[in-house]
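Asker:
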Amino acid sequence: MDVSHTPRSSFTVFERSAVVSPTASTLERELAQDEEDIHRYGGDDPHQPPSKSAGPPRPSTPAPLDPEEITWDGPDDQENPQNWSDRRKWMITIVCVVMTVNVTFASSAPSSATVSIMAAFNVEAEVSYLITSTFLLGYVFGPLFWGPGSELIGRRPIFLIAMTTYTILHLGQALAKNIETLLITRFLAGFFAVAPLVNAGGVIADIWSVETRGLATSMFSASVFLGPVMGPIVAGYIVDSGISWRWVFWVMMMFAGSCTLVMVIALPETYAPVLLLKKVRARRKADPTGTEHLFAAHEKQDWTPRGVLHRTLFRPFQMLAGEPILVLVTLYLSLIYGVMYCLFEAFPIIFVEKRGFTIAQNGLVFIGIGIGTTFGAVLNVYFSRNYPTLIKTWRGFPPPEERLWGGMVGGCAFVVGIFWLGWTGAYPGVPWYVPALSTVLVGMSISAIFISFLSYLVETYLMYSASAFAANTFCRSLVAAAFPLFTVQMFTKLGVNWAATLLGGVGLLLAPMPFLFYKYGARVRAGSKFAPCVDLKIAKILAEEAAAAAGEKSSV
Numbered sequence: 001m002d003v004s005h006t007p008r009s010s011f012t013v014f015e016r017s018a019v020v021s022p023t024a025s026t027l028e029r030e031l032a033q034d035e036e037d038i039h040r041y042g043g044d045d046p047h048q049p050p051s052k053s054a055g056p057p058r059p060s061t062p063a064p065l066d067p068e069e070i071t072w073d074g075p076d077d078q079e080n081p082q083n084w085s086d087r088r089k090w091m092i093t094i095v096c097v098v099m100t101v102n103v104t105f106a107s108s109a110p111s112s113a114t115v116s117i118m119a120a121f122n123v124e125a126e127v128s129y130l131i132t133s134t135f136l137l138g139y140v141f142g143p144l145f146w147g148p149g150s151e152l153i154g155r156r157p158i159f160l161i162a163m164t165t166y167t168i169l170h171l172g173q174a175l176a177k178n179i180e181t182l183l184i185t186r187f188l189a190g191f192f193a194v195a196p197l198v199n200a201g202g203v204i205a206d207i208w209s210v211e212t213r214g215l216a217t218s219m220f221s222a223s224v225f226l227g228p229v230m231g232p233i234v235a236g237y238i239v240d241s242g243i244s245w246r247w248v249f250w251v252m253m254m255f256a257g258s259c260t261l262v263m264v265i266a267l268p269e270t271y272a273p274v275l276l277l278k279k280v281r282a283r284r285k286a287d288p289t290g291t292e293h294l295f296a297a298h299e300k301q302d303w304t305p306r307g308v309l310h311r312t313l314f315r316p317f318q319m320l321a322g323e324p325i326l327v328l329v330t331l332y333l334s335l336i337y338g339v340m341y342c343l344f345e346a347f348p349i350i351f352v353e354k355r356g357f358t359i360a361q362n363g364l365v366f367i368g369i370g371i372g373t374t375f376g377a378v379l380n381v382y383f384s385r386n387y388p389t390l391i392k393t394w395r396g397f398p399p400p401e402e403r404l405w406g407g408m409v410g411g412c413a414f415v416v417g418i419f420w421l422g423w424t425g426a427y428p429g430v431p432w433y434v435p436a437l438s439t440v441l442v443g444m445s446i447s448a449i450f451i452s453f454l455s456y457l458v459e460t461y462l463m464y465s466a467s468a469f470a471a472n473t474f475c476r477s478l479v480a481a482a483f484p485l486f487t488v489q490m491f492t493k494l495g496v497n498w499a500a501t502l503l504g505g506v507g508l509l510l511a512p513m514p515f516l517f518y519k520y521g522a523r524v525r526a527g528s529k530f531a532p533c534v535d536l537k538i539a540k541i542l543a544e545e546a547a548a549a550a551g552e553k554s555s556v
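In this text, residue positions in the sequence shown follow UniProt numbering: the first is 1, and each later residue adds one.
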């Protein structure tokens with residue numbers, strides 16, 4: 001998930017001279033520089049942030065545009081993905097959503113076939129849990145390659161490489177002769193499958209403006225959870241049909257191949273810096289001598305191994321070590337993400353062992369999670385209904401805390417849903433539909449919390465949000481990979497009720513977080529090294545303008 005590379009307020013590269021006048025205040029000049037950085041670098045500014053305590057070391061005015069730099073031919077340039085037709089944008093969005101559903105479907109589908117795989121390879125249950133964990137472990141390391149890769153060569157080539165290889169790797173899983181082969185190919189499949197998770201949000205930001213991308217972003221966020229929900233449903237019926245467990249992987253391969261084909265046909269390049277680079281190269285090819293002085297900003301970035309490693313490895317962990325907001329959000333989202341994958345191992349205990357469900361019937365319980373995640377996405381759209389007005393009021397940068405409403409509702413709902421599931425699911429005498437209904441609330445809370453907090457990270461860190469996302473993805477994928485390894489033991493030893501109480505108790509401790517951020521977040525951001533706090537600068541400008549207007553009115 002990325003932030004847009006198109007400016008969101010009146011401070012655009014086409015109007016800069018009109019906005020930053022010689023008489024502009026230092027605060028206005030600094031604000032204009034911030035917006036220019038966001039425009040130029042999106043969520044991946046290669047420079048270190050200026051020290052807030054030492055005062056702004058950057059120039060007091062934005063660096064003038066180099067006349068030799070190729071940019072869009074005005075704000076209405078049809079080559080700019082932001083200006084494509086809505087029909088084309090929605091087609092691209094749907095392709096991204098389907099790819100995301102596919103790669104997350106692959107993470108959970110084999111969980112319904114673990115008993116058959118254990119018998120086929122004669123391995124212990126603890127080893128079979130690795131089938132899910134190794135795939136999620138690939139999610140940990142993949143973003144280190146696919147994120148920078150998309151910014152270096154573009155979104156489309158990365159999708160083409162990753163989706164094609166991911167599809168082919170299903171052969172190794174379907175034809176595996178031993179558990180070692182299956183686990184290795186699962187890890188590699190996860191490594192390549194994470195590319196859409198890393199870059200599909202960036203594609204949406206490439207083509208939709210911040211005012212119009214709310215629905216598209218919610219659809220993408222919901223698809224992250226719909227895929228894992230669909231996996232056990234489809235795989236459960238395959239296993240119960242009596243055919244080989246290998247057909248789970250054959251079906252996964254057919255699904256992946258279809259998505260790859262659609263992507264090849266319908267997904268163009270959308271990353272603006274790469275498109276501008278192609279534009280420069282086309283002009284150079286047409287007129288080698290007259291255009292040799294022209295360049296694209298993409299060519300001036302530091303793409304040396306050291307520069308890339310600094311942004312992809314050093315900075316994310318630097319932020320994780322020194323940014324309280326990022327640390328707490330990562331802790332919360334890691335718990336929520338881990339619980340989602342915990343359910344794939346817990347549901348068979350609640351519904352198969354205690355209530356005699358078949359594998360297919362157990363998979364159907366996940367429909368409740370799917371319905372809930374959809375409700376969560378709709379809830380965030382509802383809470384964002386006034387966001388376009390806030391954008392105008394705040395000159396493009398409303399307070400990030402306005403994104404936390406979904407997290408407030410979701411945090412409370414998560415605690416209720418987990419306790420409901422645990423204390424009704426533990427007793428076979430309670431009708432099956434009572435714990436099953438709790439999954440709707442759990443799914444809604446997971447989706448609402450994720451969409452809310454990921455949006456909060458984007459708005460908080462702006463040009464450094466790519467590094468914040470890298471740190472967050474690394475940690476929550478590690479936690480998700482670990483949860484299936486101990487879930488069965490935890491629910492068996494503690495009992496369903498007390499295991500759920502443990503998870504719900506941790507959720508209860510973290511539930512106040514969005515409320516505290518809403519009240520104190522601005523104060524915390526003001527002391528952050530990486531949060532630009534554009535809204536706080538705008539608030540000062542608005543206060544100065546109001547004071548000046550009041551002074552003029554009183555003098556008259």
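The beta-carbon is built from N, C-alpha and C at its ideal position, and this holds for glycine as well.
For residue 69, does the three-state DSSP call read helix, strand or coil?
Answerer: Locating residue 69 in the sequence shown gives position 69, where the first residue counts as 1. Correct three-state label for residue 69: strand.
Asker: In whole angstroms, what is the alpha-carbon distance linking residue 127 and residue 244?
Answerer: Taking the first residue of the sequence shown as 1, we reach residue 127 at position 127. Taking the first residue of the sequence shown as 1, we reach residue 244 at position 244. Spanning the two alpha carbons is a distance of roughly 20 Å.
Asker: Any idea which residues DSSP pairs residue 295 with across the strands?
Answerer: Within the sequence shown, numbered from 1, the residue matching residue 295 stands at position 295. 69, per the DSSP bridge assignment.
Asker: Roughly how many angstroms lie between the CA atoms of residue 232 and residue 226, to the nearest whole one?
Answerer: For the purposes of this step, residue 232 is taken as the residue at position 232 of the sequence shown. For the purposes of this step, residue 226 is taken as the residue at position 226 of the sequence shown. Each residue's Cα considered, the two are about 11 Å apart.
Asker: Mark residue 374 as exposed unless 16 or more other C-beta atoms lie within 10 angstroms of its C-beta, in which case mark it buried.
Answerer: Taking the sequence shown and counting its residues from 1, one reaches residue 374 at position 374. Result: buried.
Asker: Which residue marks the beginning of the alpha helix (DSSP H) containing residue 278, and which one marks its end?
Answerer: Locating residue 278 in the sequence shown gives position 278, counting from the first residue. Unbroken alpha helix (DSSP H) run through residue 278: 272 to 286.
Asker: Under 8 Å: do the region 366 to 373 and the region 473 to 489 share three or more Cβ pairs, one atom per stretch?
Answerer: Touching, no, given that fewer than three Cβ pairs across the two stretches are closer than 8 Å.
Asker: Check whether the region 260 to 280 touches the region 294 to 307, counting contact only when three or more Cβ pairs, one atom from each stretch, lie closer than 8 Å.
Answerer: Taking 8 Å as the limit for Cβ pairs, the verdict is that the region 294 to 307 does touch the region 260 to 280.
Asker: Should residue 124 go down as buried or exposed, given a rule of 16 or more other Cβ atoms within 10 Å for buried?
Answerer: For the purposes of this step, residue 124 is identified with residue 124 of the sequence shown, where counting begins at 1. Label assigned to residue 124: exposed.
Asker: In chain order, which continuous runs of the alpha helix (DSSP H) of length 4 or greater are located wholly inside the region 346 to 375?
Answerer: 359 to 364, all fully within the region 346 to 375.
Asker: Under a three-way DSSP split, which group does residue 113 fall into?
Answerer: Taking the sequence shown and counting its residues from 1, one reaches residue 113 at position 113. Looking at residue 113 - three-state DSSP - the assignment turns out to be helix.
Asker: Put residue 511 into one of helix, strand or coil per three-state DSSP.
Answerer: Counting from one through the sequence shown, the residue named residue 511 turns up at place 511. In this structure, residue 511 counts as coil in the three-state DSSP scheme.
Asker: What number of angstroms, rounded off, separates the C-alpha of residue 415 from the C-alpha of residue 439?
Answerer: Indexing the sequence shown from 1 puts residue 415 at position 415. Indexing the sequence shown from 1 puts residue 439 at position 439. Spanning the two alpha carbons is a distance of roughly 12 Å.
Asker: Consult DSSP for residue 404 and reduce its assignment to one of helix, strand or coil.
Answerer: Position 404 of the sequence shown, counted from the start, is the residue given in the question as residue 404. In this structure, residue 404 counts as coil in the three-state DSSP scheme.
Asker: Buried or exposed: which applies to residue 422, given that a residue is buried once 16 or more other Cβ atoms fall within 10 Å of its Cβ?
Answerer: Counting from 1 along the sequence shown, the entry for residue 422 is found at position 422. Classification for residue 422: buried.
Asker: Distance check for residue 448 and residue 409, CA to CA, integer angstroms please.
Answerer: As a position in the sequence shown, residue 409 is number 409, starting the count at 1. As a position in the sequence shown, residue 448 is number 448, starting the count at 1. Their backbone Cα atoms lie some 8 Å apart in a straight line.
Asker: How do the region 102 to 118 and the region 279 to 288 stand: do at least 3 beta-carbon pairs fall below 8 Å, yes or no?
Answerer: No, because fewer than three Cβ pairs between the region 102 to 118 and the region 279 to 288 fall closer than 8 Å, the two stretches do not touch.
Asker: Mind reading off the beta-carbon distance from residue 190 to residue 135? Whole number of angstroms is fine, and I expect it under 8 Å.
Answerer: Counting from 1 along the sequence shown, the entry for residue 190 is found at position 190. Counting from 1 along the sequence shown, the entry for residue 135 is found at position 135. Indeed, because the Cβ distance is near 4 Å, the residues count as touching under 8 Å.
Asker: According to DSSP, is residue 540 part of a helix, a strand, or is it coil?
Answerer: Here the question's residue 540 lines up with position 540 in the sequence shown. Of the three classes helix, strand and coil, the one that applies to residue 540 here is helix, per DSSP.
Asker: Once you ignore the five residues that flank residue 398 on each side, which residues in its own chain have a CB closer than 8 Å to its CB?
Answerer: Here residue 398 refers to the residue found at position 398 of the sequence shown. For residue 398, where only same-chain residues beyond five positions count, the Cβ hits under 8 Å are 387, 390, 391, 459 and 535.
Asker: Quick check on residue 443: buried or exposed, where buried means 16 or more other Cβ atoms within 10 Å of its Cβ?
Answerer: Mapped onto the sequence shown, residue 443 falls at position 443. Looking at its Cβ environment, which holds 16 or more other Cβ atoms inside 10 Å, residue 443 is buried.
Asker: Helix, strand or coil for residue 178, going by three-state DSSP, please let me know.
Answerer: Within the sequence shown, residue 178 is the residue found at index 178, counting from 1. Note: residue 178 maps to coil in three-state DSSP.
Asker: Using only CA atoms, which one of 381, 324, 208 and 545 lies nearest to residue 517?
Answerer: In the sequence shown, counting from the first residue as 1, residue 517 sits at position 517. Looking at the Cα atoms, 324 is the closest of the given residues.
Asker: Let me make sure I understand the geometry here. Which of 522, 229 and 101 has the alpha-carbon closest to that of residue 219?
Answerer: Here residue 219 refers to the residue found at position 219 when the sequence shown is read from its first residue. Nearest option by C-alpha distance: 101.
Asker: Helix, strand or coil for residue 428, going by three-state DSSP, please let me know.
Answerer: Here the question's residue 428 lines up with position 428 in the sequence shown. Residue 428 falls in the coil class under three-state DSSP.
Asker: Verify whether the separation of the beta carbon atoms of residue 514 and residue 407 is less than 9 Å.
Answerer: Locating residue 514 in the sequence shown gives position 514, counting from the first residue. Locating residue 407 in the sequence shown gives position 407, counting from the first residue. Yes.
Asker: Could you check where the alpha helix (DSSP H) with residue 144 kicks off and where it finishes?
Answerer: Taking the sequence shown and counting its residues from 1, the one referred to as residue 144 is at position 144. It spans 143 to 153 - the alpha helix (DSSP H) in which residue 144 sits, taken as one unbroken run.
Asker: So residue 389 is in the alpha helix (DSSP H); what residue range does that whole segment cover?
Answerer: For the purposes of this step, residue 389 is identified with residue 389 of the sequence shown, where counting begins at 1. Its alpha helix (DSSP H) spans residues 387 to 393.
Asker: When you compare each of 99, 310 and 206 to residue 88 by their alpha carbons, which one comes out closest?
Answerer: On the sequence shown, position 88 is the one that residue 88 refers to. Taking only the C-alpha atoms, the option nearest residue 88 is 206.
Asker: Taking residue 473 as the reference, which of 288, 140 and 96 has the closest Cα?
Answerer: Taking the sequence shown and counting its residues from 1, the one referred to as residue 473 is at position 473. If we check each option's Cα against that of residue 473, 140 comes out closest.
Asker: What does the Cβ neighbour count give for residue 196, buried or exposed, with the cut at 16 atoms within 10 Å?
Answerer: Numbered from its first residue, the sequence shown carries residue 196 at position 196. By the neighbour-count rule (16 or more Cβ atoms within 10 Å), residue 196 is buried.
Asker: Do you know how far the Cα of residue 393 is from the Cα of residue 540?
Answerer: Along the sequence shown, one-based indexing puts residue 540 at 540. Along the sequence shown, one-based indexing puts residue 393 at 393. Cα to Cα, residue 540 sits roughly 13 Å from residue 393.
Asker: Can you tell which of 264, 313 and 509 has the C-alpha that lies nearest to the C-alpha of residue 574?
Answerer: Nothing about residue 574 can be reported from this structure: the residues present for the chain run from 1 to 556 only.
Asker: Rounded to the nearest angstrom, how far is the Cβ of residue 174 from that of residue 253, given a contact under 8 Å?
Answerer: To locate residue 174, count along the sequence shown from 1; it is residue 174. To locate residue 253, count along the sequence shown from 1; it is residue 253. With a Cβ gap of about 7 Å, residue 174 and residue 253 count as contacting.
Asker: Roughly how many angstroms separate the alpha carbons of residue 463 and residue 348, rounded to a whole number?
Answerer: For this step, residue 463 is matched to residue 463 along the sequence shown. For this step, residue 348 is matched to residue 348 along the sequence shown. Their backbone Cα atoms lie some 44 Å apart in a straight line.
Asker: Buried or exposed: residue 304, going by 16 or more other Cβ atoms within 10 Å of its Cβ?
Answerer: On the sequence shown, position 304 is the one that residue 304 refers to. It is exposed - the Cβ of residue 304 has fewer than 16 other Cβ atoms within 10 Å.
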